[in-house]
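What follows is a single structure, written as structure tokens, with notes after it.
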Amino acid sequence: MKFFNAEQIYAADKFTIKKQQISSNELMERAAVQIFNWLHLRMQGAQVKIHLFCGIGNNGGDGMALARHLKEHGYNITVNVVNYSEKRSKDFLINLDRLKDRKIWPNFLERDCEFEEIGRDDIIVDAIFGIGLNRTPDSWVTKLIQHLNDSGAFILSVDLPSGVFMDKAIENTQAVIKANHVLSFQAPKLIFFLPETGIYSNQWEVLDIGLDPEHLAGLETEFELIGKNELLPVYIPREKFSHKGNYGHALIIGGSYGKIGAVSLASKAAMAIGSGLVTAYVPKCGYVPIQTALPEVMVITDKDENHIQDITFDIAPTVIGLGVGMGVAQETSEAFSSFLDSVKSPLVIDADGLNLLSKKKDLLKKLTPKTILTPHPKELKRLIGEWKDDFDKLKKAKAFSKKYDVILVLKGAHTITVYENHGYVNNTGNPGMATAGSGDVLTGVITGLLAQGYEPLDAAVFGVYLHGRAGDIALEQTGYQALTASKIIEAIGLAFIDLFKMPEEPVPQEESNEAQS
Ligand SMILES: NC(=O)C1=CN([C@@H]2O[C@H](COP(=O)(O)OP(=O)(O)OC[C@H]3O[C@@H](n4cnc5c(N)ncnc54)[C@H](O)[C@@H]3O)[C@@H](O)[C@H]2O)[C@@H](O)CC1
Ligand SMILES: [K+]
1 MKFFNAEQIY AADKFTIKKQ QISSNELMER AAVQIFNWLH LRMQGAQVKI
51 HLFCGIGNNG GDGMALARHL KEHGYNITVN VVNYSEKRSK DFLINLDRLK
101 DRKIWPNFLE RDCEFEEIGR DDIIVDAIFG IGLNRTPDSW VTKLIQHLND
151 SGAFILSVDL PSGVFMDKAI ENTQAVIKAN HVLSFQAPKL IFFLPETGIY
201 SNQWEVLDIG LDPEHLAGLE TEFELIGKNE LLPVYIPREK FSHKGNYGHA
251 LIIGGSYGKI GAVSLASKAA MAIGSGLVTA YVPKCGYVPI QTALPEVMVI
301 TDKDENHIQD ITFDIAPTVI GLGVGMGVAQ ETSEAFSSFL DSVKSPLVID
351 ADGLNLLSKK KDLLKKLTPK TILTPHPKEL KRLIGEWKDD FDKLKKAKAF
401 SKKYDVILVL KGAHTITVYE NHGYVNNTGN PGMATAGSGD VLTGVITGLL
451 AQGYEPLDAA VFGVYLHGRA GDIALEQTGY QALTASKIIE AIGLAFIDLF
501 KMPEEPVPQE ESNEAQS
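Counting from 1, one number per residue, gives the positions in the sequence shown under full-length UniProt numbering.
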């Protein structure tokens with residue numbers, strides 16, 4: 001699913017209006033009816049107090065139209081116009097008149113006015129700013145936003161939480177609505193997935209307002225949200241007459257005294273994801289543990305007992321995953337550097353492999369084209385330097401990817417895989433996966449997919465998805481705290497099976513057209 005920017009949404013809006021021969025106000029009405037249906041289905045006429053706060057643009061217009069439908073269905077509402085500018089939009093004014101026609105008189109809020117009392121059990125509809133926000137709200141609007149946030153009431157935001165920009169960082173965190181739920185028109189927004197802005201949208205949902213699907217499908221976007229629809233075409237099915245040689249040979253290089261488990265986890269994950277053969281390359285101290293723990297995995301040992309000093313082997317792996325538990329000893333660094341001089345196979349580099357690259361940036365030029373790097377935020381900082389905010393981070397990551405021709409997997413709550421100018425946002429996984437070894441499993445998963453012939457970018461994006469999905473499936477048995485890396489590996493098979501499950505039938509929504517009747 002694509003993430004559109006504000007200009008693309010406005011243009012899609014215009015295109016739809018022309019093609020469907022409707023007025024912009026009819027489109028607004030659709031949006032408002034969708035929100036009304038959402039609320040009505042859940043509230044069933046309950047007399048909970050609903051406070052609507054509407055700006056003077058089209059986001060506010062949505063709120064005014066919603067107010068009319070709520071009133072017509074007997075809800076207990078108050079309507080507040082947040083009068084932050086004289087430039088009222090045409091459709092806002094139409095809906096203001098329609099409210100007045102029905103004898104509903106909004107309160108006009110201005111600088112220095114008193115704000116109404118809001119109870120903890122009330123509901124707030126936030127329609128102050130939408131995608132049109134282009135500067136930080138004035139101090140009195142900031143005060144109002146604080147008042148709403150402090151009320152403890154449930155906040156439903158229209159399109160996005162007021163105060164969040166579509167394409168840049170928040171300047172004053174006091175001037176942002178903390179939404180309990182966001183109803184986003186047509187498509188989710190990238191800001192829901194970035195840590196600094198995502199915290200303002202506790203939950204979000206998309207409402208289809210019927211923007212022209214063909215037009216939307218033809219739009220180029222920098223970022224997209226990854227789900228089954230994007231991945232099913234990428235999936236490589238198993239052929240009936242295939243053998244293990246068809247599914248590649250993954251070599252996992254890493255480990256040091258006390259950190260052999262990292263290689264065990266990555267190797268086991270590479271096996272579980274379907275690699276035909278897996279070999280682990282470890283210092284001698286890793287031989288017995290891996291041979292004992294993983295009968296399916298072959299082991300090659302370094303000349304040194306405790307850490308890697310010389311990465312040479314006489315096998316021809318299809319792909320190499322390097323760095324987990326490896327340490328950053330001087331000898332290891334030198335071995336890594338000479339290994340990179342001759343390596344030709346696709347590479348996945350994680351953990352200490354990344355730290356070694358950060359220490360000696362020249363090594364980046366030696367990487368195989370489209371090497372996959374899987375940094376967590378600290379490793380990323382060492383690689384690309386400090387960033388000002390999430391948007392700056394993505395910009396820097398893109399530039400880095402282009403400069404070195406690498407795929408960057410930016411690990412986090414919503415991992416984003418960046419290649420050149422594009423970002424692929426993951427939507428699987430859970431906080432239980434913030435646990436030792438879960439990154440090692442991801443390295444094994446991506447390496448194992450590459451071994452089977454997936455293109456590097458597909459392997460990274462698909463690997464991140466399956467890893468997260470396996471974590472979600474494992475969570476059902478373990479809960480957050482007891483979710484361990486090994487449990488993620490055990491659930492990889494179910495994550496694959498889940499890929500082919502049909503979506504559940506939607507619950508029939510008889511009310512869906514009621515407001516229009
Ligand atoms: N295609 C769509 O997605 C549709 C969008 N609609 C709604 O329209 C919204 C966008 O409406 P608008 O473009 O009118 O913008 P907004 O309603 O977000 O903002 C209103 C206007 O306020 C001004 N402004 C921006 N920042 C300000 C600040 N800090 N202080 C004072 N004034 C400021 C701007 O001129 C802006 O146009 C969407 O978020 C959505 O809610 C719906 O009506 C239906 C169709
Ligand atoms: K809003």
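Glycine included, every Cβ here is placed at the ideal spot set by N, Cα and C.
How about Ser180 and Ile155: do their beta carbons lie closer than 8 Å? The amino acid occupying residue 180 in the given sequence is Asn; Ser does not appear at that position. Note that the C-beta distance between Asn180 and Ile155 is below 8 Å.
Would DSSP call Cys54 helix, strand or coil? When DSSP states are grouped into helix, strand and coil, Cys54 belongs to the strand group.
Backbone CA spacing between Asp462 and Ile446 [nearest angstrom]: Before going on, a small fix: residue 462 reads as Phe here, not Asp. Annotation: Phe462 to Ile446 spans about 8 Å, alpha carbon to alpha carbon.
Looking only at DSSP bridge pairs, what is Ile320 linked to? In the DSSP assignment, the residues bridged to Ile320 are Leu251, Leu347.
Beta-carbon spacing of Leu265, Val441 below 8 Å: A contact, by the Cβ cut-off of 8 Å.
Using a Cβ-based criterion (distance less than 7 Å to any ligand heavy atom), does Arg135 qualify as near ligand 1? Checking the 7 Å criterion, the Cβ of Arg135 is within range of a heavy atom belonging to ligand 1.
Residues bridged to Gly423 (per DSSP): DSSP output for Gly423 lists Phe223, Val418 as bridge partner(s).
Chain-ordered list of residues that sit, by beta carbon, closer than 7 Å to a heavy atom of ligand 2: Result: Asn59, Asp126, Ala127, Ile128, Phe129, Gly130, Ser157, Val158, Asp159, Leu160, Pro161, Ser162, Ile177.
Whose C-alpha, out of Val206, His147, Ala127, is nearest the C-alpha of Val158? In terms of CA proximity to Val158, Ala127 leads the group Val206, His147, Ala127.
Beta-carbon proximity list for Glu110, same chain, < 8 Å, skipping 5 on both sides: Excluding sequence neighbours, Glu110 sits near Asn83, Trp140.
Suppose the cutoff is 8 Å on Cβ atoms and the five residues either side in sequence are ignored; what does the same chain contact list for Gln516 look like? Caution is warranted here: a pLDDT of 46 is assigned to Gln516, below 50, making its placement in the model unreliable, and the coordinate value is therefore given only provisionally. The answer, listed in chain order, is Val33.
Going by the beta-carbon positions, is the gap between Leu363 and Leu356 smaller than 8 Å? In this structure, Leu356 lies closer than 8 Å to Leu363 by Cβ.
Can you list, in chain order, the residues of its chain with a C-beta nearer than 6 Å to that of His307? Leave out the 5 residues immediately preceding and following it. Excluding sequence neighbours, His307 sits near Ser256, Pro283, Gly327, Ala329, Thr332.
Return the CA-CA distance between Asn149 and Glu239, expressed in angstroms with no decimal places. Pairing Asn149 with Glu239, the inter-Cα distance amounts to about 56 Å.
Based on Cα-Cα distance, which residue from Ala474, Met1, Trp387, Glu476 lies nearest to Leu231? For Leu231, the nearest C-alpha among the options comes from Met1.
Between which two residues does the beta strand (DSSP E) harbouring Ile123 extend? Per DSSP, Ile123 belongs to the beta strand (DSSP E) from 123 to 127.
Residues near Gly57 in its chain [Cβ-Cβ closer than 6 Å; skip 5 each side]: Only Ser89, Gly132 meet the Cβ criterion.
Check whether the Cβ atoms of Asn172 and Thr136 sit closer than 8 Å, and answer yes or no. Yes, Cβ-Cβ distance for Asn172 and Thr136 is below 8 Å.
Ile155, enclosing beta strand (DSSP E) - first and last residue: Segment 154 to 158, the beta strand (DSSP E) holding Ile155.
For Leu27 and Ile17, the rounded distance between their alpha carbons: For the pair Ile17 and Leu27, the Cα-to-Cα distance works out to about 7 Å.
Would you say Phe185 touches ligand 1, meaning its beta carbon is less than 7 Å from a heavy atom? Result yes, Cβ under 7 Å from ligand 1.
Within 10 angstroms of its Cβ, does Glu511 collect 16 or more other Cβ (buried), or is it exposed? With a pLDDT of only 47 at Glu511, under 50, the local geometry of the prediction cannot be trusted, and the value read off the model is given with reservation. Counting Cβ neighbours within 10 Å, Glu511 comes out exposed, since fewer than 16 surround it.
Counting only runs that start and end within the stretch 153 to 194, where is the beta strand (DSSP E) found for 3 or more residues in a row? If only complete runs of 3 or more residues are kept, the stretch 153 to 194 shows the beta strand (DSSP E) at 154 to 158, 179 to 185, in order along the chain.
What span of residues does the beta strand (DSSP E) with Phe108 cover, start to end? Taken as a continuous stretch (DSSP letters only), the beta strand (DSSP E) holding Phe108 covers 107 to 109.
Status (buried if at least 16 other CB within 10 Å, exposed otherwise) for Cys54: Buried, by the Cβ-count rule.
By DSSP, does Thr447 sit in helix, in strand, or in coil? Thr447 falls in the helix class under three-state DSSP.
Between Tyr480, Asn430, Leu373, which has its C-alpha nearest Leu408's C-alpha? Residue Leu373 is the option with its Cα nearest to Leu408.
Run through DSSP, which three-state label would Glu205 get? DSSP places Glu205 in strand when its eight states are reduced to three.
Just to confirm, does Met28 get its C-beta within under 7 Å of one of the non-hydrogen atoms of ligand 1? Indeed, a heavy atom of ligand 1 lies less than 7 Å from the Cβ.
Any chance you could list the alpha helix (DSSP H) runs of at least 4 consecutive residues sitting entirely within the stretch 19 to 54, in chain order? Listed in chain order, the complete alpha helix (DSSP H) runs (minimum 4 residues) inside the stretch 19 to 54 are 24 to 43.
At which residues does the alpha helix (DSSP H) containing Met271 begin and terminate? Secondary structure note for Met271: its alpha helix (DSSP H) is the uninterrupted segment 260 to 272.
Which residues does DSSP list as the beta-bridge partners of Leu373? Residue pairing for Leu373: DSSP places it in a beta bridge opposite Ile349, Leu408.
If you follow the alpha helix (DSSP H) that Val141 is in, where does it begin and where does it stop? Boundaries of the alpha helix (DSSP H) harbouring Val141: 139 to 150, taken from the DSSP string.
Taking 7 Å as the cut-off, does the CB of Lys87 come closer than this to any heavy atom belonging to ligand 1? It does: the Cβ of Lys87 is within 7 Å (strictly closer) of some heavy atom of ligand 1.
Going by the C-beta, is Ala470 closer than 7 Å to any heavy atom of ligand 1? Flag unset: Cβ of Ala470 not near ligand 1.
Report the three-state DSSP secondary structure of Asn229 (helix, strand or coil). DSSP places Asn229 within a helical segment (H, G or I) once states are collapsed to three.
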